[in-house]
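Peer 1:
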Amino acid sequence: MYDVIVIGGGPTGGSAALLTSKAGKKTLVIDNEKSITKKAWMDNHYGVDGISGPDMVEVGKKQATKFGTEWIAAEVSEIQTDNGKHIVLTEDGKSFEGKHVILATGMSVQLAEKAGITTAPGTEPRVNKIIDVDKNGKTNVKGIWAAGTVAGVSMHTIITAGDGAKVAINLISELNGERYVDHDIFKG
Ligand SMILES: Cc1cc2nc3c(=O)[nH]c(=O)nc-3n(C[C@H](O)[C@H](O)[C@H](O)COP(=O)(O)OP(=O)(O)OC[C@H]3O[C@@H](n4cnc5c(N)ncnc54)[C@H](O)[C@@H]3O)c2cc1C
């Protein structure tokens, strides 16, 4: 059983998985490798002096897997919720159980709607529909969270990655029963 299953491996999902796995939570990312970020060039991501989308996604994946995130390429077809746990089914016939799920599916609310998650009209340019979340990133289904583009934040990598991290911190805090902070110290 995973503590957290993240669906979507763009800046949002990769960033969330980095935080949850670094916090010692058993984490799985399932991504279908169709991230829109792979079409982008970033000159506006603070602290990063120009990077291509493919490089950003690849570095993010490396960071998350370094801390123990398992990462698989697959299309998630369905999420079933049963007695407080979530069963994530993929198109190639596999299933994975998680205590929590983070939806980081970018422009797509299809999976969320199939799982009975409430959506709302989009507010950002070119985003038609988003998942309805509270200020912590929780959806109407207990244990299912949403972050990044699909949760309606502005479509910039620094914001989507930041939102993924925010939701991960809230989820870790809930699992730990106290507010969580992840600070490393520079020893230079
Ligand atoms: C041409 C272009 C240029 C851009 N330029 C900039 C820029 O200069 N600066 C900037 O800050 N931002 C830019 N952006 C925006 C930026 O790419 C996005 O804001 C942001 O990265 C989206 O991150 P995300 O993780 O929410 O979505 P995504 O990166 O799209 O990741 C979501 C992932 O979830 C996957 N997924 C969805 N459903 C499923 C499923 N059922 N099963 C498995 N996987 C699934 C998707 O296919 C995708 O791989 C640009 C975007 C485009 C298209």
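Note that the UniProt record's numbering numbers the sequence shown so that position 50 is 50, with each residue one more than the last.
Ideal Cβ positions, reconstructed from N, Cα and C, are used throughout, including at glycine.
Are residue 160 and residue 152 close, meaning C-beta to C-beta below 8 Å?
Peer 2: No, the pair does not count as a contact, with Cβ atoms beyond the cut-off.
Peer 1: Is residue 18 near ligand 1 - that is, is its Cβ less than 7 Å away from at least one heavy atom of it?
Peer 2: Result no, Cβ not under 7 Å from ligand 1.
Peer 1: Pick out whichever of 185, 163, 19 and 23 has its Cα sitting closest to the Cα of residue 134.
Peer 2: Comparing Cα positions, the closest option is 163.
Peer 1: Between the alpha carbons of residue 63 and residue 96, how many angstroms are there, rounded?
Peer 2: Those two C-alpha atoms are separated by around 22 Å.
Peer 1: Determine the DSSP secondary structure at residue 164, reduced to helix, strand or coil.
Peer 2: DSSP places residue 164 in helix when its eight states are reduced to three.
Peer 1: Tell me the residue span of the beta strand (DSSP E) that contains residue 95.
Peer 2: Segment 95 to 103, the beta strand (DSSP E) holding residue 95.
Peer 1: Say yes only if the C-beta of residue 76 is nearer than 7 Å to one or more non-hydrogen atoms of ligand 1, and no if none qualify.
Peer 2: Flag set: Cβ of residue 76 near ligand 1.
Peer 1: Mind listing, in chain order, the continuous beta strand (DSSP E) runs of no fewer than 3 residues lying wholly within the UniProt domain "FAD/NAD(P)-binding" (62 to 161)?
Peer 2: Segments of the beta strand (DSSP E) lying fully in the UniProt domain "FAD/NAD(P)-binding" (62 to 161): 70 to 73, 76 to 82, 85 to 90, 95 to 103, 119 to 121, 129 to 131 and 144 to 146.
Peer 1: On the CB-based measure, 16 or more other CB atoms within 10 Å of its CB, does residue 59 come out buried or exposed?
Peer 2: Flag for residue 59 reads exposed.
Peer 1: Ligand 1 and residue 39: does the residue's C-beta get closer than 7 Å to at least one heavy atom of that ligand?
Peer 2: Yes; taking the cut-off as 7 Å, the Cβ of residue 39 has a heavy atom of ligand 1 nearer than that.
Peer 1: When you measure from the CB of residue 139 to every non-hydrogen atom of ligand 1, does any distance come out below 7 Å?
Peer 2: Result no, Cβ not under 7 Å from ligand 1.
Peer 1: Under the rule that 16 or more other beta-carbon atoms within 10 Å means buried, what is residue 183, buried or exposed?
Peer 2: Answer is exposed; the Cβ neighbour count stays below 16.
Peer 1: Bridge partners of residue 181, per DSSP?
Peer 2: Beta-bridge pairing links residue 181 to no other residue.
Peer 1: Verify the contact flag: residue 33, CB atom, against every heavy atom of ligand 1, threshold strictly below 7 Å.
Peer 2: Residue 33 Cβ: within cutoff of ligand 1.
Peer 1: Residue 95: beta carbon under 7 Å from a heavy atom of ligand 1?
Peer 2: It does not: the Cβ of residue 95 is nowhere closer than 7 Å to a heavy atom of ligand 1.
Peer 1: How many Å lie between residue 54 and residue 35 at the Cα?
Peer 2: If you take the alpha carbons of residue 54 and residue 35, they lie about 9 Å apart.
Peer 1: If distances are taken between C-alpha atoms only, which option among 30, 23, 143 and 2 comes closest to residue 12?
Peer 2: Measuring from the Cα of residue 12, the nearest candidate turns out to be 30.
Peer 1: In three-state terms, what does DSSP make of residue 4?
Peer 2: Strand at residue 4.
Peer 1: Around the Cβ of residue 2, are there at least 16 other Cβ atoms within 10 angstroms (buried) or fewer (exposed)?
Peer 2: Flag for residue 2 reads buried.
Peer 1: Suppose the cutoff is 6 Å on Cβ atoms and the five residues either side in sequence are ignored; what does the same chain contact list for residue 27 look like?
Peer 2: Taken in chain order, the residues that qualify are 4, 17, 20, 21 and 69.
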